[in-house]
Amino acid sequence: MVRKFLLSLVIMSNLESLGQDTIPPTPDRVYGELFIDVQEARIFPDGKTFVDCVPRRDPAEIVKDYLAAKRNPAIKFALDLFVKENFDLPVNPAGNYKSDPNEDISTHIKSLWKVLRREPDQAVKGSSLLALPHPYIVPGGRFREIYYWDSYFTMLGLKESGENDMIENMVKNFAWLIDTYGHIPNGNRSYYLSRSQPPFFSMMVELLASVKGDQVMVTYLPQLEKEYQYWMAGADKLEPGNASGTVVRLKDGTIMNRYWDEKSIPRQESYKEDLETAISSKRNKPNVYRHLRAGAASGWDYSSRWFSDKRNISTIETTDIIPVDLNSLLYKTEQVIARAMLITKNEKGVALFESYAEKRRQAIDQYCWHNEMKFYTDYNFRKQKMTNTITPAGLFPFCFFPQRQGYLSVVARQAAEVVQKKLLQPGGLQCSEYNTGQQWDAPNGWAPLQWMAVTGLARSGQIGLAKEIANRWLQLNEKVYKETGKLMEKYNVADLSKPAGGGEYKAQDGFGWTNGVYLAMKEWLKE
1217 MVRKFLLSLV IMSNLESLGQ DTIPPTPDRV YGELFIDVQE ARIFPDGKTF VDCVPRRDPA
1277 EIVKDYLAAK RNPAIKFALD LFVKENFDLP VNPAGNYKSD PNEDISTHIK SLWKVLRREP
1337 DQAVKGSSLL ALPHPYIVPG GRFREIYYWD SYFTMLGLKE SGENDMIENM VKNFAWLIDT
1397 YGHIPNGNRS YYLSRSQPPF FSMMVELLAS VKGDQVMVTY LPQLEKEYQY WMAGADKLEP
1457 GNASGTVVRL KDGTIMNRYW DEKSIPRQES YKEDLETAIS SKRNKPNVYR HLRAGAASGW
1517 DYSSRWFSDK RNISTIETTD IIPVDLNSLL YKTEQVIARA MLITKNEKGV ALFESYAEKR
1577 RQAIDQYCWH NEMKFYTDYN FRKQKMTNTI TPAGLFPFCF FPQRQGYLSV VARQAAEVVQ
1637 KKLLQPGGLQ CSEYNTGQQW DAPNGWAPLQ WMAVTGLARS GQIGLAKEIA NRWLQLNEKV
1697 YKETGKLMEK YNVADLSKPA GGGEYKAQDG FGWTNGVYLA MKEWLKE
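Each residue of the sequence shown is one higher than the last, beginning at 1217 in our numbering.
1. From G1661 to T1370, what distance separates their C-alpha atoms?
2. Output the boundary residues of the alpha helix (DSSP H) element that contains V1733.
3. Can you tell me whether S1676 is buried or exposed? The criterion is at least 16 other CB atoms within 10 Å of its CB, across all chains shown.
4. Helix or strand or just coil, what does DSSP make of D1725?
5. Is the separation between the beta-carbon of F1616 and that of S1544 shorter than 7 Å?
6. Please report the residue range of the alpha helix (DSSP H) in which I1383 lies.
7. Using three-state DSSP, classify Y1547 as helix, strand or coil.
8. Excluding sequence positions up to five away, which residues of its chain have a Cβ less than 6 Å from the Cβ of V1733?
9. If we ignore side chains and look at the alpha-carbon of each, how far apart do A1449 and V1463 end up?
10. Mapping DSSP to helix, strand and coil, what is G1661?
11. Assuming P1415 contacts W1392 under a Cβ cut-off of 8 Å, what Cβ separation, rounded to an integer in Å, is found between them?
12. Ignoring anything shorter than 4 residues, give me the alpha helix (DSSP H) runs that lie fully in the segment 1608-1672, in order along the chain.
13. Which of helix, strand or coil does DSSP assign to D1281?
14. Near Y1583, which residues of its chain fall below 6 Å by C-beta distance, leaving aside the five closest residues on each side in sequence?
15. Beta-carbon within less than 8 Å of K1548's beta-carbon, same chain only, minus the 5 sequence neighbours each way: which residues are those?
16. Is the segment 1504-1522 touching the segment 1279-1292 in the sense that three or more CB pairs, one from each, lie closer than 8 Å?
17. Can you tell me which of the three DSSP states V1307 falls into?
18. Looking at C-alpha atoms only, which residue of M1737, E1739 and G1726 is the closest neighbour of V1750?
19. Have a look at L1454, G1378, S1648 and Y1313 and flag the residue whose alpha-carbon is nearest the alpha-carbon of S1426.
20. Need the endpoints of the beta strand (DSSP E) that K1706 sits in, please.
21. With DSSP as the reference, identify every bridge partner of M1602, one or two as the case may be.
22. Kindly indicate which three-state DSSP category P1415 falls into: helix, strand or coil?
23. Looking at T1652 and R1506, is the spacing between their C-beta atoms short of 7 Å?
24. Assuming A1609 contacts V1540 under a Cβ cut-off of 8 Å, what Cβ separation, rounded to an integer in Å, is found between them?
25. By DSSP, does Y1436 sit in helix, in strand, or in coil?
26. When you compare only the Cα positions, how much space is there between L1692 and R1499?
27. In whole angstroms, give me the CA-to-CA distance for M1557 and D1657.
28. Check each candidate in M1382, L1409, F1359 and A1716 and name the one with the smallest Cα separation from W1240.
29. Applying the 10 Å Cβ sphere with the 16-neighbour rule, what's the burial state of A1339?
30. Between which two residues does the beta strand (DSSP E) containing A1459 stretch?
31. Answer yes or no: do S1344 and S1406 have a C-beta to C-beta separation smaller than 7 Å?
In structure tokens, the structure reads:
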């Protein structure tokens, strides 16, 4: 029964992909039964390893030989040996890099950009890697490809390092992904194409424009609009009280957005974990897979933000939730598109996108500002109520909203008090109030959330708290670097003597967005 169920998932994946010949096939389509056997047997402790392997010969021949050997009783068959003979295993960036903990941390980061740099890719048949036309920076560790929202924070550090050509190359890569696939995927892997991530492309374009001038806004306006169309697809046909893809139309007709993934099968890179979660949940399996995938699209994989009981991943309900950070980022996108259209003197376009932005701002205030908690939270549109979850995501509106008649500073002061009571720890901001064992919960803190929190609080008048968070975060980065010679993807901000943990894999070092935020935050504190 288990074997039939697993094979049916591959069939489902193949059916979902019919008619999409331009989309590179995912590993389950390429390798079929071999893929399932490797992931189910945990040949590699990390499920991402096999889907990142590069075949040494034609994948069809590999599969043919595998099935023949497996089904021949006269052959003594070792699955792990077969894989190692037929595939090149992925190599982690910075894996052999040796740093000097006595070296200045900023100097270390600037030299590390070379280690994390990747040249333009060459496509390999059967590989999951989507070949990019320009150089780029990878995060590090098991993350051997470009990641969408990571890259904005990496770019902040590249700017401080004077690596402006690399910023432009990465923006060009993202524009190429939009033109090629209609959106920016989670990362440049075939198995990431069914979802995106927090939409920071507009901020990347703005960052590049700050270096090269406003004409950059015009250059990338077509891709800004295409990405926006991806997020808003189907909005015009959606009836009140319904959702489709990334779009939700509330009962009063208000349009907002959610995280979404086109597939409802286990993630390729976390296959066994998703199977186990779905089974333990005793819920409809495709629905659970969709929620898990949407959680990965959020970048917060995983967090009590998405759990109905705030404790257990088996209660995940990501697609039922309108996230405050996602909608704040789309508000920013609408603003940037309007700004680009202003440069081109497209007055009708400016008016249209300014109206979209204003409607979204009002919607966020209406549905996400919690009057009792004095904080922005997510909104569960299925249950028609706020989630009551305090996280740094609730500070995203302060990064973008207009400072109209002092209103923003008033609510920011209220939110700042909540931050100090619920999130502030010795090493910076923790992800939530809850310690669930998930990596995007207490006691962990992450560089992108520190940067957005500091930016939002400072912009809305809470400069003292912003500086306090920045100083605590930088001191923790420096402490761990002095002890280990590494910058990590995440940190334990509550107990500075312990490393961060949780999640589906070991903590990684490298690390793109931590490097970027460190340099940018250090420079910001000097101003």
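Glycine included, each C-beta is placed from N, C-alpha and C at the ideal position. Remember, predicted model here, so these are calculated numbers, not experimental data.
This is what the structure holds:
1. Roughly 17 Å separates the two Cα atoms.
2. Per DSSP, V1733 belongs to the alpha helix (DSSP H) from G1728 to K1742.
3. Classification of S1676: buried, given that the 10 Å Cβ count is 16 or more.
4. Strand at D1725.
5. In this structure, S1544 lies closer than 7 Å to F1616 by Cβ.
6. In this chain, the alpha helix (DSSP H) harbouring I1383 covers N1380 to Y1397.
7. DSSP, reduced to helix, strand and coil, places Y1547 within a helical segment of the structure shown.
8. Hits under 6 Å: F1369, A1663 and W1667.
9. Pairing A1449 with V1463, the inter-Cα distance amounts to about 7 Å.
10. DSSP places G1661 in strand when its eight states are reduced to three.
11. With a Cβ gap of about 17 Å, P1415 and W1392 do not count as contacting.
12. Counting whole runs of 4 or more residues, the segment 1608-1672 contains the alpha helix (DSSP H) stretches 1613-1616 and 1623-1638.
13. In the three-state DSSP reduction, D1281 falls in the helix class (H, G or I).
14. For Y1583, where only same-chain residues beyond five positions count, the Cβ hits under 6 Å are Y1595.
15. So the list reads S1418, M1419, C1615 and F1616, once near-sequence residues are dropped.
16. The segment 1279-1292 makes no contact with the segment 1504-1522: fewer than 3 CB pairs, one atom from each, lie closer than 8 Å.
17. DSSP places V1307 in coil when its eight states are reduced to three.
18. Nothing about residue 1750 can be read from this structure; the chain reaches only from 1217 to 1743.
19. Comparing Cα positions, the closest option is G1378.
20. Per DSSP, K1706 belongs to the beta strand (DSSP E) from K1706 to N1708.
21. The partner list for M1602 (beta bridge, DSSP) reads Y1595.
22. Of the three classes helix, strand and coil, the one that applies to P1415 here is coil, per DSSP.
23. Taking the C-beta atoms as reference points, T1652 is found no nearer than 7 Å to R1506.
24. About 6 Å; that satisfies the 8 Å criterion.
25. Assignment of Y1436 by DSSP, reduced to helix, strand and coil, places it in the coil class.
26. Using only the alpha carbons, I get a separation of about 41 Å.
27. If you take the alpha carbons of M1557 and D1657, they lie about 40 Å apart.
28. In the sequence on display, residue 1240 carries Pro and not Trp. Of the candidates M1382, L1409, F1359 and A1716, the one whose C-alpha sits nearest the C-alpha of P1240 is L1409.
29. Note on A1339: under 16 other CB atoms within 10 angstroms of its CB, so exposed under the neighbour-count rule.
30. Counting along the chain, the beta strand (DSSP E) containing A1459 begins and ends at N1458 to S1460.
31. Result yes, Cβ atoms of S1344 and S1406 sit closer than 7 Å.
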